[in-house]
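Q: Here the numbering used here runs 110 ahead of the position in the sequence shown, where the first position is 1.
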Amino acid sequence: MSRYRIAGSALAVLTLAGCGASSGGGGEEPTAAPATTQAAAKDKGPVCVGEAPRDGVHVLRGGGFRLPGGGGVQYAEAEADGTTRKATLREGDRYKSGQRQWTVGPGGQVTVSGHTYTVRQICSYRVVLEPKAAADKASLSAAPKSMEAVGGAADAPLCFTTNPDVLAAAAAGFPAEGKELSLVGNGGVQRFPTGLSLTVSYLDTDTGTAGIAANCAAIPVAAYENVRVGDPVEFAGVLFEVSQLTEQVVRLTRTSA
């Protein structure tokens, strides 16, 4: 039997250390939503409901995404009954008490800081939003001034974007399709070229579950809890499947190009 869990504050410190010092101001530690007791029950599915546009905004499970106009949104909770799927979205790119929440299905809408988005797809691992305003689409797809990650909040243009060149650079930093990405389960941080960092937050071989946390630009962008072998996860627009859990490592097989 093996189980460990990294405390939220320690994880935040490790992640920032992995990303480097911020050169864009801020320098704040990522703030994750407070931990809740979760049963390790398998998600009832379906995995996804709705269709994702090519230039949609991917908000990952347990994480936040910074949006045009200074707002943000988090994918806080998932609901599935074997036929339908809903998601609870929370306003803000990181957790704070008292934030507004919405429970939405595909086709629903949310308005954040005066900017409206349509919910196009809900999956166990992500929600895909489409901006209604052309100006917001253009802002999200704009090329960054630099493709080099420097760490901390300055990496926001690389972390919260639909720009195809940035997404291609992020994808190139992972193993090729069909190959494995190994995340060592000792609390270490693995860094990637566009500012993303990943760490295993816990491993439990008794239940066959693990947690994987992702941070980018000093924001928690994903927090996958109770993942099992066969479950899909996504990072920086790239899909993976959990392929192995051992006492030492979580292995992910890349399933998208």
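Ideal Cβ placement from N, Cα and C applies to all residues, glycine included. This structure is a prediction, so every number in the text was calculated from the model and none was measured.
1) Output the distance between the C-alpha atoms of A279 and A248, rounded to the nearest integer angstrom.
2) Compare the Cα-Cα distances from T319 to each of N325, A327, Y334, L308 and report the closest residue.
3) Would you identify the three-state DSSP class for V299, choosing helix, strand or coil?
4) Comparing C-alpha positions only, which one of P303, T365, L355 sits nearest to Y312?
5) Buried or exposed for F350, going by 16 or more other Cβ atoms inside 10 Å?
6) Put K154 into one of helix, strand or coil per three-state DSSP.
7) Can you tell me where the beta strand (DSSP E) holding D314 begins and where it ends?
8) Quick one, are the C-beta atoms of V167 and L239 less than 8 Å apart?
9) In its own chain, which residues sit with a C-beta less than 8 Å from the C-beta of R236, not counting the 5 before and 5 after it?
10) Where do the ends of the alpha helix (DSSP H) carrying A245 lie?
11) Under 8 Å, do V331 and G173 count as touching if we go by C-beta distance?
12) What does a CB cutoff of less than 8 Å around R176 pick up in its chain, not counting 5 residues either side in sequence?
13) Can you name the start and end residues of the alpha helix (DSSP H) that V276 belongs to?
14) Assuming E290 and T363 form a contact by the criterion Cβ under 8 Å, report the distance between their Cβ atoms to the nearest whole angstrom.
15) So what's P178 in DSSP terms, helix, strand or just coil?
16) Rounded to whole angstroms, how far is the Cβ of G295 from the Cβ of V220, which I believe are closer than 8 Å?
17) Among residues of its own chain, excluding the 5 on either side of C158, which ones have a beta-carbon nearer than 8 Å to its beta-carbon?
18) According to DSSP, is P267 part of a helix, a strand, or is it coil?
19) Do you know offhand how far A190's Cα is from N336's?
20) Less than 8 Å between C-beta atoms, sequence neighbours within five positions excluded: which residues of the same chain meet that for P254?
A: On the basis of the coordinates in this document:
1) 19 Å
2) Y334
3) coil
4) L355
5) buried
6) coil
7) 307 to 314
8) yes
9) H168, V169, L170, R171, Y185, E344
10) 244 to 251
11) yes
12) G182, D203, A266, C269, F270, A327, I329
13) 274 to 282
14) 5 Å
15) helix
16) Rounded, the Cβ-Cβ distance is 35 Å, inconsistent with contact.
17) R195, Q231, I232, C233, S234
18) helix
19) 15 Å
20) P267, L268, T271, N273, V276
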